[in-house]
Structure formats: structure tokens, C-alpha cells
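Here the structure comes first, spelled out in C-alpha cells, and everything after it is commentary.
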Amino acid sequence: MQDCYKIKLRSVGYRLVYEVVDQRLVVTVIAVGKRERLEVYEAAKKRLD
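Going letter by letter, the sequence shown gives residues 33 to 81 in our numbering.
Next up, the structure:
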């Protein structure tokens, strides 16, 4: 997930994983979820494959 970024909402423990496509000026939200057990990152990886 090298082209992805994240926004942390520390107070509630959520992460938003997103991808920016510069050529089309598009931001795609890949996954939103709690960081627990890296679930949000696993979901994002599955969706990108």
C-alpha cells in the first residue's frame, strides 16, 4: 500500500485509508475502521488487490 495515506482519529481509534490519483484529481477512500488488530489495513489491502 505504498501509494496510500491515512488519517488518524486518535480519540476514537479510527483510521481512514485513502489513495490520491493525481492525473484525474480523484481521492478514493479505501477503508475506514478501527486500528485494532490492523483490521482497517487488512481491509484496505484486500480492496486494492
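Cβ coordinates follow ideal geometry from the N, Cα and C atoms, glycine included.
Practice task
Would you kindly work out how many angstroms separate the C-alpha atoms of Asp81 and Ser43, rounded to a whole number?
Solution key: 30 Å
Handout entry: Identified DSSP bridge partners for Tyr46
Key = Leu41 and Lys66
Exercise for the section: Answer yes or no: do Val53 and Ala76 have a C-beta to C-beta separation smaller than 8 Å? Expected result: no
Practice task
Mark Ile62 as exposed unless 16 or more other C-beta atoms lie within 10 angstroms of its C-beta, in which case mark it buried.
Solution key: buried
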